[in-house]
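Mapped onto this note's numbering, the consecutive letters of the sequence shown carry residue numbers 3 to 522. Note that the Cβ used here is the ideal one computed from N, Cα and C, for glycine as well. Data first, discussion second: the structure below is written as structure tokens.
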Amino acid sequence: MKTKFKILIAFVAVILGLYSCEDIYDDIELNEANSRIIATSQMNFTNTIRIGNSITLGDLSSGVQSRLWTLPTGVADIVGSDNDETSTEQNVKAIFNVEGEHDVVLSQVFKGDAYDLAGNVIGKEIDTTFVVTVLPEIKTVLKAYNLNEDGSLGDELNLTSGANNEVTAGKAVRFIVDESTQGSPDSFLWTAEGGTRISLSEDKRIYDVRYKKTGSFGLELISSLARPVGEEIITLSSLINVIPSTEPVQLDGIEAIGTSIFLNFSRDMDETTGVPSDFVVSIDNGGISNPAITSITVDPDAANFVELKLDIPQFYSDDMISLSYTKGSLSTLDGVIADTFTDQQAILIEQNLLIGTSYDYSMENGGPDWRDVGWGGVWGQFTAAVTDARAKTGTMATQAAIEANGGMIYAYKPEAIDNAKFTFEAGKNYKLGAWVYITTPVSGTADLRFYVVPPFKEVFIAELNASTPLDKWVYISSDEFNFLSDTTSEILIRGNNQNNGAELLFTIDDITITEVVNKP
């Protein structure tokens with residue numbers, strides 16, 4: 003007990019000694035650097051906040067003799083103070099209640115000439131002005147128009163729930179986030195019931211939707227900004243009333259996949275109206291065969307696709323497939339009978355060997371890793387980015403713009419370079435293809451070329467000219483090729499626009515590598 007008491011006395015003595023010595027340092031003048039360092043809680047976000055929210059202003063300078071923060075009159079509330087216009091505190095937290103740009107001034111007097119962060123002398127008395135931008139709550143101004151076939155705008159629609167604006171089946175509507183929208187949202191998430199997306203602008207403010215089936219449908223739009231956070235949800239029920247059409251239904255394409263043929267119509271079809279005897283399938287491969295159609299169905303998720311199931315073991319790579327239809331009972335859900343067509347060629351879609359690999363063939367996952375290869379010169383005269391503006395499948399695809407008389411070299415280039423390569427096996431024959439959507443006419447000539455590297459093998463050229471189909475997805479594919487030994491290669495996409503005096507705009511999606519399996 004005595005020992006513990008002695009230790010306690012010693013401890014108290016030390017404490018008292020420290021306090022008694024405190025005044026020794028009172029008159030010592032330390033050589034403190036005079037440095038101006040100022041920060042705000044939103045400095046990395048251009049001092050932008052949402053109305054009713056706060057920003058903290060901090061004076062981290064050294065050598066300050068006095069300071070005064072001055073805020074505009076009637077704009078803000080300084081937290082913890084009855085004075086909302088001035089403060090001498092080192093840190094000031096202020097809630098801004100008025101929209102707009104507001105100047106906040108910090109007046110500092112230093113003990114001597116002060117320095118900025120770059121080491122420059124800036125004087126002893128310094129005024130620094132911050133511009134605080136206060137955004138209003140997000141208020142989206144939405145407009146919508148019927149979209150004519152030539153891309154021009156038709157009548158404006160009534161954007162209220164229950165308006166049931168009449169749209170003829172097969173026609174399109176353009177939804178627009180107007181420039182008068184408040185609160186600076188930069189992200190827009192659209193959901194259009196009953197509609198199929200045609201396109202979405204890069205900034206997502208323009209959304210084109212085609213309505214292919216009859217019924218009453220709504221729209222939802224979520225407009226948001228991540229920093230400063232803000233969001234508005236617009237929900238409009240029974241906005242669009244799709245009515246039957248008297249116009250002919252268009253056949254937009256035919257694909258052969260597996261043991262079926264798929265017809266892509268411009269409107270939703272009624273599967274109860276299809277009769278196998280109205281169709282004739284022709285497969286030309288060492289003779290003409292006409293396989294039987296065992297069933298006709300409509301895709302429940304995309305009812306504009308009609309599937310004809312065939313009585314065959316498989317399609318072969320060297321099959322030439324065509325389809326004819328004699329006008330019968332096949333009709334749209336709104337009662338329009340499909341017209342006769344003869345010997346329409348089907349595109350054979352074979353198993354894509356890139357599925358299941360790390361290669362971002364569909365451009366759904368590797369956006370930033372699709373890039374300019376860096377050849378420079380004419381081959382760098384383009385812009386390209388993976389966006390959700392238009393896609394063949396999924397939601398993402400590359401939108402590219404090659405300058406007039408320019409060029410492009412583009413490839414998937416992830417950090418793990420092996421993820422961008424595919425091994426072609428010796429002795430096997432392959433084809434390489436992709437889906438392309440051209441949006442600008444070609445007055446001269448241009449082309450898209452695909453290479454496998456190594457050995458820098460040009461596997462095909464897709465010529466583009468005045469007769470190139472516009473505003474529709476077109477499948478381009480190589481002839482068959484092979485290698486004498488196993489070859490691990492990457493794919494380069496070259497766009498050559500040097501002989502075209504106008505900018506070339508296009509979208510590319512769903513790159514394919516297929517093994518050629520010809521008929522025995």
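Query: Over what stretch of residues does the beta strand (DSSP E) that includes glutamine 184 continue unbroken?; Result: Unbroken run through glutamine 184: none, as it is neither H nor E.
Query: DSSP has asparagine 167 in a bridge; who is on the other side?; Result: Ile242
Query: What does DSSP give as the partner residue(s) for tryptophan 475 in the beta ladder?; Result: Tyr439
Query: Confirm, please, whether the CB-CB distance from valine 143 to aspartate 180 is below 9 angstroms.; Result: yes
Query: Give me the Cα-Cα distance between glycine 379 and asparagine 407, rounded to the nearest whole angstrom.; Result: 12 angstroms
Query: Across which residues does DSSP place threonine 48 in a beta bridge pair?; Result: BP columns for threonine 48 are empty, so no partner.
Query: Of all the options Thr237, Ser480, Ile295, Ser109, which has the alpha carbon lying nearest to the alpha carbon of asparagine 431?; Result: Ser480
Query: Just how far apart, CA to CA, sit proline 246 and valine 175?; Result: 16 angstroms
Query: Is the separation between the beta-carbon of tyrosine 327 and that of phenylalanine 264 shorter than 9 angstroms?; Result: no
Query: Pull up the CB-CB distance for lysine 433 and threonine 490, whole angstroms please, since I reckon it's below 8 angstroms.; Result: Their Cβ separation, rounded to whole angstroms, is 18 angstroms, which puts lysine 433 and threonine 490 out of contact at 8 angstroms.
Query: Short of 7 angstroms in beta carbon distance, which residues of its chain neighbour threonine 216, apart from the five on each side in sequence? Order them along the chain.; Result: Ala171, Val244, Ile245, Pro246, Leu335, Asp336
Query: What residues match up with asparagine 421 in a beta bridge as DSSP calls it?; Result: DSSP lists no partner for asparagine 421.
Query: Among Pro74, Gln92, Ile140, which has the Cα closest to the Cα of glycine 65?; Result: Gln92
Query: Once the 5 residues before and after threonine 389 are set aside, which same chain residues still bring their CB inside 6 angstroms of it?; Result: Glu204, Gln401
Query: Taking C-alpha atoms, which residue in Phe112, Arg52, Thr299 lies nearest to proline 138?; Result: Arg52
Query: What whole-angstrom Cβ distance do lysine 141 and glutamine 184 have, given they're in contact under 8 angstroms?; Result: 4 angstroms
Query: Exposed or buried, which one is isoleucine 256 when buried takes at least 16 other CB atoms within 10 Å?; Result: buried
Query: From this set, Ala464, Ala304, Tyr412, which residue's C-alpha is nearest tryptophan 381's C-alpha?; Result: Tyr412
Query: Specify, as a first and last residue, the run of the beta strand (DSSP E) that tryptophan 523 falls within.; Result: The structure shown does not extend to residue 523, since the chain spans only 3 to 522, so no value can be given for it.
Query: If you drop the 5 nearest sequence neighbours on each side, which residues of the same chain put their C-beta closer than 6 angstroms to that of threonine 248?; Result: none
Query: Identify whether leucine 382 lies in helix, strand or coil by the three-state DSSP scheme.; Result: Per the sequence shown, residue 382 should be read as glycine rather than leucine. Helix.
Query: Could you give the distance in angstroms between the alpha-carbon of tyrosine 318 and the alpha-carbon of glycine 289?; Result: 14 angstroms
Query: On the three-state DSSP scale, how would you describe glycine 369?; Result: helix
Query: Contact check, serine 262 vs leucine 310 under 8 angstroms by CB: the rounded distance?; Result: 6 angstroms
Query: In whole angstroms, what separates the C-alpha of phenylalanine 483 from that of valine 461?; Result: 7 angstroms
Query: Leaving aside the five residues before and after leucine 356 along the sequence, list all residues of the same chain whose C-beta is less than 6 angstroms from its C-beta, in chain order.; Result: Tyr363, Ile515
Query: Consult DSSP for lysine 6 and reduce its assignment to one of helix, strand or coil.; Result: Any answer about lysine 6 is weak, because its pLDDT of 34 lies below 50 and its placement is not dependable; what the coordinates show is given next. It is helical.
Query: Given that a residue counts as buried once 16 or more other Cβ atoms are within 10 Å of its Cβ, and exposed if not, what is methionine 398?; Result: buried
Query: Could you compute how far the alpha carbon of isoleucine 495 sits from the alpha carbon of glutamine 347?; Result: 27 angstroms
Query: Roughly how many whole angstroms lie between the Cα atoms of glutamate 127 and alanine 35?; Result: 15 angstroms
Query: With distances taken Cα to Cα, identify the nearest neighbour of proline 250 among Ser226, Met271, Gln316.; Result: Met271
Query: Are there 16 or more other CB atoms within 10 angstroms of the CB of asparagine 367, so buried, or fewer, so exposed?; Result: exposed
Query: Alpha carbon to alpha carbon, how far is alanine 294 from phenylalanine 508?; Result: 39 angstroms
Query: Nearest CA to the CA of lysine 474: which residue from Arg229, Val519, Pro443, Glu492?; Result: Pro443
Query: What distance in whole Å lies between the Cβ atoms of tyrosine 414 and tryptophan 372, which are believed to be in contact at a cut-off of 8 angstroms?; Result: 6 angstroms
Query: I need the straight-line Cα distance from leucine 466 to leucine 506, nearest angstrom please.; Result: 10 angstroms
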